[in-house]
Each structure stands twice: as structure tokens, then as C-alpha cells.
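Colleague: Handing you this structure, nothing more for now.
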Amino acid sequence: MAVFQNDHRTVRTIACWMLAVAAFTPAFAQDPQYHRIGHTGCQPISQRTSELGCWITAEASQGKLPPQPIYWHLDQYPTRAAAETERGPHGTVVESLSKIWLFAIATAEWHPSGG
């Protein structure tokens, strides 16, 4: 009977240690550069050295955003001027991939009148 109790105590001790190690493993395993893509992460488009990679094509302060759920809308325009007329307070016009884009942060119901 004493041997059986020792076995349970040993198993319980091992299980507790495994649980403790498992609980702390994610904290140690997480990459401190979690926002990075690849070795160097996303770089400004001006620093592009190859076709492949993660490139930041635009960066703009969005100010105070609405409290309801918001979405990132991507719309293509024939000219920069046409995109600028639709831009709104939370939009950015970008030239990328030989096209003109409007990146807009807005509610799901929002749609540009052109583009």
C-alpha cells in the first residue's frame, strides 16, 4: 500500500512540474519581434531591394476611430485625383503595383462612390 501511495505522489509531482513548465513555455517561446515578417520584418517601400518581401506602402495617423467595428477597405482608382476626392478622414491614397489605391478605415457599410 505504501508503494502505491509513493507512485501516486511521484506521478502527481511530475504532473505538477510538467504543468508548471508548460504554463511558462509560451512566454519564453514567443518571439519579441512578433510583428516582424521574415528576418528583417516589414520595411518602408523606399528600402525595397527585391520583389519579394513585406513592404510598408503607406503610413498615416488615423486619429480617433469610431467605437463600432471597423474594416480596412481597399479600392482601386484610375487617377490619384479621383482617389483623393473619396479619401475621407480615415483614408490614404497610395500608388503601388502600378495602380492607384485608396486604403480606408471605415465601418462595413461604407463604400466609396467611385473606384
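Residues in the sequence shown are numbered from 0 upward in steps of one, following numbering that gives the first Met the number 0.
The C-beta atom is built at its ideal place from N, Cα and C for all residues, glycine as well.
So within the segment 30–110, which uninterrupted beta strand (DSSP E) runs reach at least 3 residues, ignoring any that extend past its ends?
Modeller: Taking only runs of at least 3 residues, the beta strand (DSSP E) segments lying wholly in the segment 30–110 are 70–76, 90–95, 98–105.
Colleague: Taking the alpha-carbon positions, what's the Q61 to Y70 distance?
Modeller: 13 Å
Colleague: I need the straight-line Cα distance from G52 to F102, nearest angstrom please.
Modeller: When rounded, the distance between both Cα atoms is 20 Å.
Colleague: Contact between the segment 95–111 and the segment 71–85 is defined here as three or more beta-carbon pairs at a separation below 8 Å; is this criterion met?
Modeller: Contact between the segment 95–111 and the segment 71–85 is present: three or more C-beta pairs spanning the two stretches fall below 8 Å.
Colleague: For H89 and L73, which I take to be in contact (beta-carbon distance under 8 Å), what is that distance rounded to the nearest angstrom?
Modeller: Cβ-Cβ separation between H89 and L73: approximately 13 Å, too far for a contact (criterion under 8 Å).
Colleague: Closer than 6 Å by C-beta to H110: which residues in its own chain qualify, once you throw out the five before and the five after it? Chain order, please.
Modeller: none
Colleague: Near T91, which residues of its chain fall below 6 Å by C-beta distance, leaving aside the five closest residues on each side in sequence?
Modeller: A57, A59, F102
Colleague: Pull up the distance between the alpha-carbon of S49 and that of V10, whole angstroms please.
Modeller: CA-CA distance, S49 to V10, rounds to 55 Å.
Colleague: CB I55 to CB P68, shorter than 7 Å?
Modeller: no
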